[in-house]
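Quick note, the sequences are listed as chains A and B, same order. In this note's numbering, each residue carries its 1-based index in the first sequence increased by 493. In this note's numbering, each residue carries its 1-based index in the second sequence increased by 170.
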Amino acid sequence: MIKTIIHAELPTELTARAHSFVEEGWAADFNELLAEALRRFLESHSTRVTESLVMSDVQWGLHGNE
Amino acid sequence: MGTNDHSAPLVVCDAGPLIHLDELGCLDLLADFSKVLVPETVWQEVQQHRPGALARPGVTLRRVAPLAPPPPALEALAQVLSLHTGEWEALRLALEHRPGLLLTDDTAARLAAGNLGIATHGTIGVLVRAIRRQQRTKVETLTVLRSLKVQSTLHLKQSLLDAVIVEVESFA
Chain A
494 MIKTIIHAEL PTELTARAHS FVEEGWAADF NELLAEALRR FLESHSTRVT
544 ESLVMSDVQW GLHGNE
Chain B
171 MGTNDHSAPL VVCDAGPLIH LDELGCLDLL ADFSKVLVPE TVWQEVQQHR
221 PGALARPGVT LRRVAPLAPP PPALEALAQV LSLHTGEWEA LRLALEHRPG
271 LLLTDDTAAR LAAGNLGIAT HGTIGVLVRA IRRQQRTKVE TLTVLRSLKV
321 QSTLHLKQSL LDAVIVEVES FA
């Protein structure tokens with residue numbers, strides 16, 4: 494798998510929690526944890542679903558009866 | 171229509187719509203709902219990022235903490251969808267106040283709400299609804315929609331926003 498090195502600014506407390514998570518053995522390392530978190534976010538925030546929800550908002554806004 | 175209209179549904183509001191509507195100068199649109207409940211965690215979140223949104227004249231926001239224990243289905247969805255505490259509390263509160271409406275811009279929270287049988291809409295829905303409820307004219311709403319990417323922190327793909335604008339423009 495091709496990998497990319499990133500530089501990111503993260504909240505200190507969140508980073509500390511992530512490091513603790515890794516140190517406790519719940520993830521192989523910080524990189525794996527970050528990749529898994531990103532993957533899960535992208536899966537649960539599918540652009541196709543978001544677009545469908547926004548367009549349903551428009552229909553409700555214009556034609557809804559509450 | 172009007173200040174906290176009792177014919178309109180009760181809404182539970184997540185942080186996104188509160189912040190985005192305020193950024194757009196449209197927080198008053200919430201006054202059209204019978205009650206606007208803001209979960210405790212969401213209140214704190216908005217207080218941190220946009221405190222002015224909690225004190226606008228003309229709209230009464232009620233700061234409420236959920237009382238009932240969360241159902242197992244919600245706990246499972248929160249884990250799977252990695253919901254934030256605010257979204258989780260908003261869902262709990264919406265379950266307690268059925269058949270209310272949950273206002274959130276978070277896709278994962280909306281998916282969870284759908285699974286729990288809770289109706290949800292987001293900032294765009296409230297903005298467009300203002301035309302039907304005669305809170306704004308179509309022209310005023312289109313002006314807000316066209317300024318959305320500059321005036322607010324609501325992240326939408328430009329082509330989607332364009333599609334929304336076309337839909338509103340074609341509304342008679």
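We put the beta carbon where it would ideally sit given N, CA and C, even for glycine. The structure displayed is predicted, hence computed values, not measured ones.
Chain B contact for residue i (CB, 9 Å cutoff)
i              : result
E506 (chain A) : no
L546 (chain A) : yes
S513 (chain A) : no
C-alpha distance - residue i paired with residue j, whole-angstrom precision
i              : j              : result
H512 (chain A) : G518 (chain A) : 10 Å
G295 (chain B) : G186 (chain B) : 13 Å
E502 (chain A) : T540 (chain A) : 25 Å
T255 (chain B) : E544 (chain A) : 24 Å
V314 (chain B) : L261 (chain B) : 28 Å
S329 (chain B) : E337 (chain B) : 12 Å
L297 (chain B) : E516 (chain A) : 46 Å
E573 (chain A) : S549 (chain A) : Here chain A covers residues 494 to 559 and nothing more, so residue 573 (chain A) does not appear.
A282 (chain B) : A201 (chain B) : 26 Å
E210 (chain B) : A235 (chain B) : 5 Å
K327 (chain B) : F341 (chain B) : 22 Å
T307 (chain B) : P240 (chain B) : 40 Å
G284 (chain B) : C196 (chain B) : 26 Å
Residue i, enclosing beta strand (DSSP E) - first and last residue
i              : result
T290 (chain B) : 289 to 291
V208 (chain B) : 206 to 209
C183 (chain B) : 181 to 183
Cβ of residue i within 9 Å of any chain A Cβ
i              : result
K327 (chain B) : yes
M171 (chain B) : Residue placement at M171 (chain B) cannot be trusted, given a pLDDT of 48 that sits under 50; what the coordinates show is reported in the next sentence. No - not a single Cβ of chain A is within 9 Å of the one on M171 (chain B).
A278 (chain B) : yes
I189 (chain B) : no
P240 (chain B) : no
T323 (chain B) : no
E259 (chain B) : no
Close Cβ partners of residue i (< 6 Å) along its chain, the five nearest in sequence each way excluded
i              : result
A530 (chain A) : none
L286 (chain B) : none
P269 (chain B) : none
L271 (chain B) : P179, V181, A289
Residues near residue i by beta carbon distance below 7 Å, same chain, minus five either side
i              : result
L231 (chain B) : V206, V208, L224
Span of the alpha helix (DSSP H), counted from its first residue to its last, around residue i
i              : result
R280 (chain B) : 277 to 285
L273 (chain B) : Where L273 (chain B) is concerned, there is no enclosing alpha helix (DSSP H), although the beta strand (DSSP E) it sits in stretches over 271 to 273.
V229 (chain B) : Neither: V229 (chain B) is in no alpha helix (DSSP H) and is coded neither H nor E.
F341 (chain B) : Neither: F341 (chain B) is in no alpha helix (DSSP H) and is coded neither H nor E.
E525 (chain A) : 523 to 537
For residue j and residue i, believed in contact at Cβ under 8 Å, the rounded distance
i              : j              : result
R226 (chain B) : W213 (chain B) : The Cβ separation is near 14 Å, so there is no contact.
L318 (chain B) : E339 (chain B) : That pair is no contact at about 15 Å.
D192 (chain B) : G228 (chain B) : Wrong, their Cβ atoms sit about 12 Å apart, outside the cutoff.
T274 (chain B) : E257 (chain B) : 6 Å
Beta-carbon contacts of residue i that lie in its chain and below 8 Å, excluding the five residues immediately before and after
i              : result
R220 (chain B) : L188, I189, D192, E193
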